[in-house]
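Participant: Everything in the sequence shown is counted per our numbering, starting at 1281 for the first residue and increasing by one. Have a look at this one.
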Amino acid sequence: MAVEQQNGGAAHEEIEKRIKALNKKLKQIEGLKEKGTDQLDAEAQEKVASEAALRKEVKELEAQKKNGKRPAAAAAAAEPPTPVAVEEAPAAPEEPEPVVEEKAPEPELNDEEKEKRAKGIRKKLAQIEKLKEKDFASLEPEAKAK
C-alpha cells in the first residue's frame, strides 16, 4: 500500500510538472499572438497552431489530477510531441537564416553586471566591424567565425 501511495505521489508530481510546462508554452503563445501572426516565422506559427492541442492536454491532465488516475493519454503526454513537417512553397533564393537556439532565461543582473555585459558586447561588435572592413579571404579562420 505504501508503494502505491509513493507511485501515486510521483505521478501527481509528474502531472503538476507537465501542467506547469504546458502553461508556460501557452503564455509564450499568447505573447506571440500579441505580436501579430503576420510577423511570425514558421516555427512561431507552428507554436500558435498548437495552442488548441496544448489547452486540451492541460484540461485532461487537470481532470486526471483530480481523479488520481493515469490514463494512457497522460503516458503519451509525458513524451514531447512529435513536430509536424510543414511544406512551404519554395521562396526566392536568399541567404539562409541563421539558426537560433533557444537558451534558458538568464538570471536577473544588477546595473553593474548589465553595464559590464553591454561593454563586452560593444567591444565584440567593434571587432566585427573592423573585420568587415578587411578582405574576407585574408582573415584567419577564427576571425571568419566571428
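The C-beta atom is built at its ideal place from N, Cα and C for all residues, glycine as well.
1. Within the continuous alpha helix (DSSP H) that includes L1405, where are the two ends?
2. Given a cut-off of 8 angstroms on the beta-carbon distance, is the pair Q1308 and K1339 in contact?
3. Please report the residue range of the alpha helix (DSSP H) in which Q1319 lies.
4. Where does the unbroken alpha helix (DSSP H) through E1340 begin, and where does it stop?
5. Would L1341 and I1299 be called neighbours here (beta carbons separated by less than 8 angstroms)?
6. Alpha carbon to alpha carbon, how far is K1404 from E1395? Give it in angstroms, no decimals.
7. Note down, in chain order, each residue of its chain lying with its Cβ closer than 7 angstroms to the Cβ of K1345, except the 5 sequence neighbours on either side.
8. What's the call for E1393, buried or exposed, on a 16-neighbour Cβ count within 10 Å?
9. Does E1323 pass the burial test, meaning 16 or more other C-beta atoms within 10 Å, or should it be called exposed?
10. By how many angstroms is the C-alpha of K1297 removed from the C-alpha of K1414?
11. Does the separation of the CB atoms of E1337 and L1312 fall below 8 angstroms?
Facilitator: If we stick to the structure as given:
1. Walking along the sequence shown from the start, residue 1405 turns up at place 125. Looking at the DSSP string, the run of the alpha helix (DSSP H) that includes L1405 is D1391 to E1413.
2. Within the sequence shown, the letter at position 28 stands for residue 1308. Within the sequence shown, the letter at position 59 stands for residue 1339. For Q1308 and K1339, no; Cβs fall outside 8 angstroms.
3. As a position in the sequence shown, residue 1319 is number 39, starting the count at 1. Element bounds for Q1319: n/a, residue is neither H nor E.
4. Taking the first residue of the sequence shown as 1, we reach residue 1340 at position 60. Unbroken alpha helix (DSSP H) run through E1340: E1331 to N1347.
5. Taking the first residue of the sequence shown as position 1, residue 1341 is located at position 61. Taking the first residue of the sequence shown as position 1, residue 1299 is located at position 19. In this structure, I1299 lies closer than 8 angstroms to L1341 by Cβ.
6. Counting from one through the sequence shown, the residue named residue 1395 turns up at place 115. Counting from one through the sequence shown, the residue named residue 1404 turns up at place 124. Roughly 14 angstroms between the two C-alpha positions.
7. In the sequence shown, the residue the question calls residue 1345 occupies position 65. Within the same chain, K1345 has close Cβ partners H1292 and I1295.
8. Counted from its first residue, the sequence shown places residue 1393 at position 113. When all chains shown are included, E1393 counts as exposed.
9. In the sequence shown, counting from the first residue as 1, residue 1323 sits at position 43. The residue is exposed, with fewer than 16 neighbouring Cβ atoms inside 10 Å.
10. Taking the first residue of the sequence shown as position 1, residue 1414 is located at position 134. Taking the first residue of the sequence shown as position 1, residue 1297 is located at position 17. Cα to Cα, the separation comes out at about 52 angstroms.
11. On the sequence shown, position 57 is the one that residue 1337 refers to. On the sequence shown, position 32 is the one that residue 1312 refers to. Going by C-beta atoms, E1337 is not nearer than 8 angstroms to L1312.
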